[in-house]
Amino acid sequence: MSVPSLEDLGDVSGRRVLLRADFNVPISNGEIVDDFRIRAALPTIEYLTSRGATVTACTHLGRPKGAPDPKYSVEPVRRRLAELAPGVELLDNLRFNPGETANDPAFVQELIAGQDLYVNDAFGASHRAHASIVGPPQFLPSAAGRLLQREVDVLLPLRSDPKRPFVVILGGSKVSDKLGVIDALSEVADALIIGGGMCFTFLAAQGHHVGDSLLEVDQIETCKRFLDSDVTIHIPHDVTALGPGGEIMNPEA
């Protein structure tokens, strides 16, 4: 399996490109805490603009409820992007429109209006069937950006012919977001190490009390299925519980 590269787009001079980026950066008091994700898109942007393309970027930021919310404004991102890549436009937060997460065809048409080409460089969001991810490739010549291409080039050999022992470390907050990844990797990995917030759902599946920690009750049975499968799964066994006022307590107390 391979993905079309930027070179496969051919001559981009004078073409208008919709770039799906992942600028979901941490923001505090209206200021970006870490701009790594913005800088990570620069190789793709520079490839396109240096060859005469006009780039319009789009991204999600946080989890707004399908309507404009000042808390999730992309304005800090827009300012930083203007410093790093002058001339590149940035659309409003995609998730301000409920059509993004619903993969609404009408919203797809809004996104691609006036665009000639589509580039996906949002590796961290590419598992989602959202309008900005799966919609534009149905209508525009499309390619992977440099970041997405690099991730695919690294991951494909791990699926087909990994070096052994092959141990996968998985993090993230939600099991539901990782079901496809866990299913796919459990077929080839020798062991999975589960960390991050989703470990609490696995702990609950083992019968442990997890207090007020992040828990997806509807995924407990799924976690039990994974734990009962042939793949070796390691989850945390040392737990520190925080009591009132952040006091460290014995979780068994």
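Take the sequence shown: its letter number 30 is residue 186 in our numbering, and every next letter is one higher. No residue lacks a Cβ here, since even glycine has one placed at the ideal position from N, Cα and C.
Over the uninterrupted beta strand (DSSP E) stretch that includes residue i, give me the two end residues.
i: Ser-298; result: 298-300
i: Leu-174; result: 172-176
i: Val-264; result: Premise fails: Val-264 lies in the alpha helix (DSSP H), 261-268, not in any beta strand (DSSP E).
Ends of the alpha helix (DSSP H) at residue i?
i: Leu-341; result: 335-342
i: Leu-240; result: 231-240
i: Ala-196; result: 192-196
i: Ile-289; result: 287-290
Return yes when the Cβ of residue j is within less than 7 Å of the Cβ of residue i, no when it is not.
i: Ala-361; j: Lys-330; result: no
i: Val-233; j: Phe-279; result: no
i: Val-275; j: Leu-175; result: yes
i: Gln-271; j: Arg-172; result: yes
i: Leu-240; j: Val-230; result: no
i: Arg-372; j: Ser-342; result: The amino acid occupying residue 372 in the given sequence is Glu; Arg does not appear at that position. Going by C-beta atoms, Glu-372 is not nearer than 7 Å to Ser-342.
i: Glu-256; j: His-286; result: yes
i: Tyr-203; j: Leu-247; result: no
i: Phe-382; j: Asp-346; result: no
i: Ile-350; j: Ile-391; result: yes
i: Pro-254; j: Gly-222; result: yes
i: Ser-369; j: Phe-356; result: yes
i: Gly-367; j: Gly-352; result: no
Buried or exposed: residue i, going by 16 or more other Cβ atoms within 10 Å of its Cβ?
i: Ala-300; result: buried
i: Ile-201; result: buried
i: Asp-277; result: buried
i: Arg-193; result: buried
i: Arg-315; result: exposed
i: Lys-227; result: exposed
Looking only at its own chain, which residues have a Cβ that is under 6 Å from the Cβ of residue i, when we skip the five neighbours before and after it?
i: Val-189; result: Pro-182
i: Ala-409; result: Confidence at Ala-409 is low in this model, with a pLDDT of 49, below 50, so the placement of that residue is unreliable and no value is reported for it.
Between residue i and residue j, which are expected to be in contact by the criterion C-beta below 8 Å, what is the C-beta distance as a whole number of angstroms?
i: Ala-213; j: Glu-245; result: 7 Å
Looking only at its chain, what residues have a beta carbon closer than 8 Å to the beta carbon of residue i, apart from the 5 residues adjacent to it on each side?
i: Thr-205; result: Val-211, Ala-241, Gly-243 and Val-244
With a CB to CB cut of under 7 Å and the five nearest residues on each side skipped, what residues in its chain are close to residue i?
i: Asp-394; result: none
i: Gly-170; result: Gly-208
i: Leu-165; result: Leu-273, Pro-297 and Ala-299
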